[in-house]
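Down below is the structure, laid out as structure tokens.
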Amino acid sequence: MSKARAFVTREFKHMLPPTVFFLISFNLLVLTAEMLEAGGSAHASVHVAATFAALVCGKAVLVADKLPFFNRYPEHPLIWNTLWKTGLYVLVTLVFRIIEKLFSALTGPDGFAAGLAEHLAHFDWPRFLAIQLWLVVLFLVYTAVGELTNQIGRERILQMFLGPIGEPGKKEA
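For the sequence shown, counting from 1, position 75 maps to 75 in the working numbering; every step adds exactly one.
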């Protein structure tokens, strides 16, 4: 039983940083979109959906990190893996956002064709693109910090951000 518990604990610790990052990010994104759209009246269900999406992202990052093609450029400068991973994350979110719209059309009262026509007639391209651009930025920040953490080490990153830094001019061993 201790092996199973250790496995679950290790996986939870691995999943926690991306989940917290995307929990905060997605809820801020939803809040911003709702404020622009409805003058600040954000619905709780939208935040629940954003929270669920953050949990899914946390698990997706956990799975993606184990895929052999995901860390494609380990011998190149960090920007290569950062852009590669960001591109993959953005592509997956784009596909999921399109599937979400198709599913919404499919479950409409008048059938898929009528629902799809309705969605296309009222599709808000500026909102869709603005959210997609924010997702690009969020994933870029997340992957860049992740790549730096992999190179420098978690302990050193925490020390750099939270201290103690050490004396000025004196290098630590």
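Just so you know, even glycine gets a beta-carbon here, dropped at the ideal spot from N, CA and C.
Query, Result
"Through-space distance from Ser-2 to Ala-53, alpha-carbon basis", "30 Å"
"Test item: CB-CB of Phe-70 and Leu-88 under 8 Å", "yes"
"Pick from Leu-28, Thr-32, Phe-128, Ala-144 that is closest to Trp-84, judged by C-alpha positions", "Ala-144"
"Exposure label - Ser-25; buried when at least 16 CB within 10 Å", "buried"
"C-beta contact flag for Val-48 and Glu-34 at 8 Å", "no"
"Three CB pairs or more closer than 8 Å across the segment 54 to 61 and the segment 102 to 109", "no"
"Pairwise C-alpha distance: Leu-140 and Leu-36", "24 Å"
"Three-state class that DSSP yields for Leu-67 in the structure shown", "coil"
"Segment limits, alpha helix (DSSP H) that includes Pro-126", "125 to 152"
"For Gly-87, the first and last residue of its enclosing alpha helix (DSSP H)", "78 to 106"
"Extent of the continuous alpha helix (DSSP H) to which Glu-118 belongs", "112 to 121"
"Alpha-carbon to alpha-carbon, Met-160 and Val-95", "37 Å"
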